[in-house]
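Participant:
2 protein chains.
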Amino acid sequence: MAQKPSIPKGTRDFNPEQVAKRNYIFNTIRGAFETFGFQPIETPSFENSETLMGKYGDEGDRLIFKILNSGDYLAKIDEQAYANRDSLKLTSNISEKALRYDLTVPFARYVVQHQNEIEFPFKRYQIQPVWRADRPQKGRFREFYQCDADVVGSKSLWQEVEFIQLYDTVFSTLKLEGVTIKINNRKILSGIAEVIGASDKLIDFTVALDKLDKIGEEKVKEEMLSKGISLEGISKLQPLFTLSGSFESQIESLKGILSSSEEGKKGIEELAFINEAISELGLKTANLQLDVTLARGLNYYTGAIFEVAAPKTVQMGSIGGGGRYDDLTGIFGMNNVSGVGISFGLDRIYLVLEELGLFPETVTKNVEVLFINFGDKEALFCLKAIKELRSVGINTELYPDTDKMKKQMNHANKRNIPFVVLVGEEEVGSNMYTLKNMVSGEQLKVSLKELVNQIK
Amino acid sequence: MAQKPSIPKGTRDFNPEQVAKRNYIFNTIRGAFETFGFQPIETPSFENSETLMGKYGDEGDRLIFKILNSGDYLAKIDEQAYANRDSLKLTSNISEKALRYDLTVPFARYVVQHQNEIEFPFKRYQIQPVWRADRPQKGRFREFYQCDADVVGSKSLWQEVEFIQLYDTVFSTLKLEGVTIKINNRKILSGIAEVIGASDKLIDFTVALDKLDKIGEEKVKEEMLSKGISLEGISKLQPLFTLSGSFESQIESLKGILSSSEEGKKGIEELAFINEAISELGLKTANLQLDVTLARGLNYYTGAIFEVAAPKTVQMGSIGGGGRYDDLTGIFGMNNVSGVGISFGLDRIYLVLEELGLFPETVTKNVEVLFINFGDKEALFCLKAIKELRSVGINTELYPDTDKMKKQMNHANKRNIPFVVLVGEEEVGSNMYTLKNMVSGEQLKVSLKELVNQIK
């Protein structure tokens, strides 16, 4: 093979530094999940196709990676589809497994399949990769990790309160201060649609409203009009466009707008409950903000909707999101199980921490000591010390070959190894070690015991 | 969907306890890898098909999971193959990506692709899942983790010495004492084949010899005969079948058998070097054993061959293996890079630890405290204490609903939560918490500060 090898587009290799930085984020999230009482599960990378297909809409179905059946996969096929070269139809004949597209549907499948072993309410977290055949672009990959925490089996609003605390805890621990946790409620959106006489156009309405930030008030109104929402209805929306101020004052305005909608009032009540609890409990560094334009995944969420925005100093899309869904497991025949969950966007959090210089310097667990190799007798002597150092948790290496000293020292320099130990004939004879600090250049002759203490 | 959902055969869901136990093993291995100076990399779950195909033999090619191209995958196909329904030929037309089959080939690809960023010798470790379309059976899965550590860029035998220490460190840390690290050398096997005049039948010869443990001496001889190895040659093997005793005495016998083979003598020299170093350095709990019948992956290894057997009290295949390969990156056009590496078999190690009861009790990080929920006012009061407990790292939960007290207490019992906190009107009034030890039944009324201290 003459050509230099490559990897599929939209995928990535991670070098040691990147792995360490990613693990720093994973471990922080995992630690917070566990103190909040969530427990880990893992599901297979691929599921039976029928578990995934049809759960994410047509676009989702298209973006699911399908796995070709093993063996003679053409043995049993739809003759008509084969003759017509109907790729779409043939797919279910030649592929019966598919790569996980998100962690939510596999979680729903897990809950239904293991319902007799699970003690509800069930708080689980899951940190695993997912795959999407999306067009790769900056910050969008075909393989990426999701970090999800969900509770199923309770409708209590205390969970929404705890998820806000959880977001605050994770981002505060990461020293990413000043994130904004936006919250909305599907019932607010339904209530507004009801009030303006567009209940049958809830999706069109919210999709347009969701764009307010990006395209501005006039364009949003134009889009609503084009979707068949009446001018009269749109005029009733006017107070929404100018909604601002504190959480409490927005709640007051919404009470006026939604006074005629029972569902809308329920939504206001839920939001007020959550806001009062959070005000009482306090957040470490995050801000909670009501955003009535927030509508992510609306055909999915039934109550609270969350989205987290990075601090305003950074240009970045949302770094987390979630919400309440009232019948997730219904797709697998288990009804009336309410769930609520949130997700962390690893790749974007990584980019934000990098941009703001928030990764601790100690995050990459580098090798701390390199022993220079002057020959077999010396190397064996070194390995006895190396054994001691490793047993107290110090990352230690022996340079494997008796290359020229300059080459070995260069190796330590290039890898930023802070200590080098030199053992020649003299040291072996006197049972001592020459320890060199590669930063200060300082050099000491020490016993094994002193060596361990110095490096510690 | 009426049917209860399921997962593809050969794959597994892991519940919280299983995830915790697996992570205990992963973390132990990872910790040892790092103290030995290995650094983590990660590669994508799928590679371009040409990176993987042809690297594992015909059988391997068959067992690689292929990913169906997205979109109209029938648009560009080999007409002849399509007309002939030639599954095999059509595969490369409709699939250009495949799931990782092991970690070694992706590592070789990584080294070649990133050679300019890498400082050699390069010590990397990689802990990631791999996928094989093998027939599932007890202990064999279609998705499983590999844990590999390799060094590339040096031929030094000190690395073989360190890998033996690494195996010893990992298994000793896991309290799995008394594993046997078997070692052989391809040069020994080549030497023997040379001596018995079967150099051209090296593979047949070693495949038969490898079965000595399972089928016994007579059957091994029969198989060799059937493969065209001469009676005279086989008779020269006699000393091999009775080879026993210490490492040193086996080395002495081999010197006699292999006196006429230069390659064989080189193999003896290498084994003796490694054995002397290990004798001098000592092992914590493992035994090093010379096993001249060991031949795993022979067409791959060029020097040392390793295999680890569980303690004799457990019936289990090998729990680790590895060896030296002298031209791994050659398949991607980068020649003369020697490598040596070892692998840990997670699933089998898990089964062994389970069977011997070696998982520490503290391995599952359970929830430590459940707060009973008597109403919104009490819950809010509880959440203030919960915030404190979590901030000092205690895994804490609020029962989300105001269910009957008995149901809430049962929930704590079923989940083996050791502490329950009860806060009613009285406690809120007096700013106190009633702490119940679920094991002893003991109940205390304490302040927040005492609560934190008691549970700590």
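Taken in order, these protein sequences are the chains called B and P.
Note that the numbering used here has the first sequence beginning at 1, numbered continuously upward.
Note that the numbering used here has the second sequence beginning at 1001, numbered continuously upward.
Idealized CB from N, CA, C, for every residue including glycine.
Who are the near neighbours of residue 1108(P) in its chain, counting only those whose CB is closer than 7 Å to its CB and skipping five residues on each side?
Facilitator: On the second sequence, residue 1108(P) is found 108 positions in, with the first residue counted as 1. For residue 1108(P), where only same-chain residues beyond five positions count, the Cβ hits under 7 Å are 1328, 1329, 1331, 1332.
Participant: Taking its Cβ as the centre, do 16 or more other Cβ atoms sit within 10 Å of residue 1411(P), making it buried, or is it exposed?
Facilitator: On the second sequence, residue 1411(P) is found 411 positions in, with the first residue counted as 1. Buried, because 16 or more other Cβ atoms sit within 10 Å of the Cβ of residue 1411(P).
Participant: Looking only at DSSP bridge pairs, what is residue 40(B) linked to?
Facilitator: For this step, residue 40(B) is matched to residue 40 along the first sequence. Residue 40(B) is bridged to 125(B).
Participant: Would a check of beta-carbon distances place residue 1043(P) closer than 8 Å to chain B?
Facilitator: Translated into positions along the second sequence, residue 1043(P) becomes position 43. So yes, residue 1043(P) belongs to the interface.
Participant: Could you name the residues of the stretch 1145-1166 of chain P whose beta carbon sits closer than 9 Å to any beta carbon of chain B, in the order they occur along the chain?
Facilitator: Listed in sequence order: 1151, 1153, 1154, 1155, 1156, 1157, 1158, 1159, 1161, 1162, 1165.
Participant: Can you give the beta carbon distance from residue 1458(P) to residue 1370(P), rounded, assuming they're within the 8 Å contact cut?
Facilitator: A query on residue 1458(P) cannot be resolved here, the shown segment of chain P reaching from 1001 to 1456 and no further.
Participant: Tell me which same chain residues have a C-beta within less than 7 Å of the C-beta of residue 1386(P), skipping the five on either side of it?
Facilitator: On the second sequence, residue 1386(P) is found 386 positions in, with the first residue counted as 1. If we look at residue 1386(P) and ignore the five residues flanking it on each side, its Cβ neighbours are 1371, 1396, 1398.
Participant: Let me confirm a value: residue 238(B) is counted as buried when at least 16 other C-beta atoms fall within 10 Å, else exposed. Which label applies?
Facilitator: By one-based count along the first sequence, residue 238(B) stands at place 238. Residue 238(B) is exposed by the Cβ-count criterion.
Participant: Which whole runs of the alpha helix (DSSP H) in the stretch 17-92 of chain B are 4 residues long or more, in chain order?
Facilitator: Qualifying alpha helix (DSSP H) stretches, in chain order: 49-52, 57-63, 79-83.
Participant: Can you have a look at residue 1001(P) and say buried or exposed, based on whether 16 or more other CB atoms are within 10 angstroms of its CB?
Facilitator: Stepping through the second sequence from its first residue, residue 1001(P) is reached at position 1. Below a pLDDT of 50, predicted positions are generally treated as unreliable, and residue 1001(P), at 46, falls in that range; no measurement from the model is reported.
Participant: Among the candidates 127(B), 66(B), 193(B), whose CA atom is the shortest distance from the CA of residue 347(B)?
Facilitator: On the first sequence, residue 347(B) is found 347 positions in, with the first residue counted as 1. Here the closest residue by C-alpha is 127(B).
Participant: Just how far apart, CA to CA, sit residue 1027(P) and residue 1033(P)?
Facilitator: In the second sequence, the residue the question calls residue 1027(P) occupies position 27. In the second sequence, the residue the question calls residue 1033(P) occupies position 33. Computed Cα separation, rounded: 10 Å.
Participant: State buried or exposed for residue 1219(P), treating a residue as buried only when at least 16 other CB atoms are found within 10 Å of its CB.
Facilitator: Here the question's residue 1219(P) lines up with position 219 in the second sequence. Under this definition residue 1219(P) is an exposed residue.
Participant: Taking a cut of 7 Å between CB atoms, which residues from the stretch 1366-1387 of chain P lie near chain B?
Facilitator: From the stretch 1366-1387 of chain P, only 1367, 1379, 1380, 1383, 1384, 1387 have a Cβ closer than 7 Å to chain B.
Participant: Hey, how far is the Cα of residue 430(B) from the Cα of residue 1279(P)?
Facilitator: Your numbering for residue 430(B) matches position 430 in the first sequence. Your numbering for residue 1279(P) matches position 279 in the second sequence. When rounded, the distance between both Cα atoms is 22 Å.
Participant: State the CB to CB distance for the pair residue 283(B) and residue 1383(P), rounded to an integer number of angstroms; the pair is presumed to be in contact (CB under 8 Å).
Facilitator: Locating residue 283(B) in the first sequence gives position 283, where the first residue counts as 1. Locating residue 1383(P) in the second sequence gives position 383, where the first residue counts as 1. That pair is no contact at about 13 Å.
Participant: Among 256(B), 159(B), 290(B), 443(B), whose alpha-carbon lies nearest the alpha-carbon of residue 246(B)?
Facilitator: Residue 246(B) sits at position 246 when you count from the first residue of the first sequence. Closest by alpha carbon: 290(B).
Participant: Suppose only complete runs of 4+ residues qualify. What are the alpha helix (DSSP H) ranges in the stretch 292-379 of chain B, listed by chain order?
Facilitator: Counting whole runs of 4 or more residues, the stretch 292-379 of chain B contains the alpha helix (DSSP H) stretches 346-355.
Participant: Counting pairs of Cβ atoms below 8 Å between the stretch 224-244 of chain B and the stretch 161-170 of chain B, do you hit three or more?
Facilitator: With a cut-off of 8 Å, the stretch 161-170 of chain B and the stretch 224-244 of chain B do not count as touching, because too few Cβ pairs lie within range.
Participant: How about residue 1359(P) and residue 1353(P): do their beta carbons lie closer than 8 Å?
Facilitator: Locating residue 1359(P) in the second sequence gives position 359, counting from the first residue. Locating residue 1353(P) in the second sequence gives position 353, counting from the first residue. For residue 1359(P) and residue 1353(P), yes; Cβs fall inside 8 Å.
Participant: Taking C-alpha atoms, which residue in 368(B), 400(B), 439(B) lies nearest to residue 1035(P)?
Facilitator: Counted from its first residue, the second sequence places residue 1035(P) at position 35. For the residues 368(B), 400(B), 439(B), the minimum Cα distance to residue 1035(P) belongs to 368(B).
Participant: Give the straight-line distance between the Cα atoms of residue 1460(P) and residue 1103(P), rounded to the nearest whole angstrom.
Facilitator: Any property of residue 1460(P) remains undetermined from this structure, which presents chain P solely from 1001 to 1456.
Participant: Less than 8 Å between the CB atoms is what I'm expecting for residue 152(B) and residue 120(B), so what's the real figure, rounded?
Facilitator: Against the first sequence, residue 152(B) aligns to sequence position 152. Against the first sequence, residue 120(B) aligns to sequence position 120. Indeed, because the Cβ distance is near 7 Å, the residues count as touching under 8 Å.
Participant: Return helix, strand or coil for residue 1167(P), following the three-state DSSP convention.
Facilitator: Looking up residue 1167(P) in the second sequence gives position 167. The answer is helix: DSSP assigns residue 1167(P) an H, G or I state.
Participant: I believe residue 309(B) touches residue 452(B) by the beta-carbon criterion, under 8 Å. Please report the beta-carbon distance rounded to the nearest angstrom.
Facilitator: The count along the first sequence starts at 1 and reaches residue 309(B) at position 309. The count along the first sequence starts at 1 and reaches residue 452(B) at position 452. 48 Å between Cβ atoms; not a contact.
Participant: How close, in whole Å, do the beta carbons of residue 1341(P) and residue 1320(P) come, if the pair is a contact with beta carbons under 8 Å?
Facilitator: The residue given as residue 1341(P) occupies position 341 in the second sequence. The residue given as residue 1320(P) occupies position 320 in the second sequence. Not a contact, Cβ separation roughly 11 Å.
Participant: Let me know the secondary structure DSSP gives residue 1220(P) once reduced to three states.
Facilitator: Position 220 of the second sequence holds residue 1220(P). If DSSP states are grouped into helix, strand and coil, residue 1220(P) belongs with the helices.
Participant: Relative to the alpha-carbon of residue 1071(P), which residue among 133(B), 77(B), 428(B), 115(B) has its alpha-carbon at the smallest distance?
Facilitator: Start at 1 with the first residue of the second sequence, and residue 1071(P) comes out as number 71. Minimum Cα distance to residue 1071(P) is reached at 133(B).
Participant: Quick one: which chain P residues come within Cβ less than 7 Å of residue 37(B)?
Facilitator: Residue 37(B) sits at position 37 when you count from the first residue of the first sequence. Simply 1367, 1395, 1396, 1397.
Participant: When the Cα atoms are used, what is the spatial distance from residue 1366(P) to residue 1415(P)?
Facilitator: Position 366 of the second sequence, counted from the start, is the residue given in the question as residue 1366(P). Position 415 of the second sequence, counted from the start, is the residue given in the question as residue 1415(P). Answer to the nearest angstrom: the Cα atoms are 8 Å apart.
Participant: May I ask you to list the residues that DSSP assigns as paired with residue 289(B)?
Facilitator: As a working note, residue 289(B) is residue 289 in the first sequence. BP columns for residue 289(B) point to 182(B).
Participant: Can you name, in chain order, every residue of its own chain whose Cβ lies under 6 Å from the Cβ of residue 50(B), other than the five neighbours on each side?
Facilitator: Position 50 of the first sequence, counted from the first residue, corresponds to residue 50(B). Nothing listed; no residue qualifies.
Participant: What residues in its chain sit with their C-beta under 7 Å from that of residue 1209(P), if we drop five residues either side in the sequence?
Facilitator: For this step, residue 1209(P) is matched to residue 209 along the second sequence. Counting only Cβ-Cβ distances below 7 Å, and skipping sequence neighbours, we find 1220, 1293, 1295.
Participant: May I ask you to list the residues that DSSP assigns as paired with residue 1147(P)?
Facilitator: In the second sequence, counting from the first residue as 1, residue 1147(P) sits at position 147. Answer is 1127(P), 1344(P), bridged to residue 1147(P).
Participant: Determine the closest residue to residue 1174(P) out of 1024(P), 1089(P), 1448(P), with distance taken between C-alpha atoms.
Facilitator: Looking up residue 1174(P) in the second sequence gives position 174. For the residues 1024(P), 1089(P), 1448(P), the minimum Cα distance to residue 1174(P) belongs to 1024(P).
Participant: Which one or two residues does DSSP pair with residue 1444(P) in a beta bridge?
Facilitator: Position 444 of the second sequence, counting from 1, holds the residue named residue 1444(P). 1435(P).
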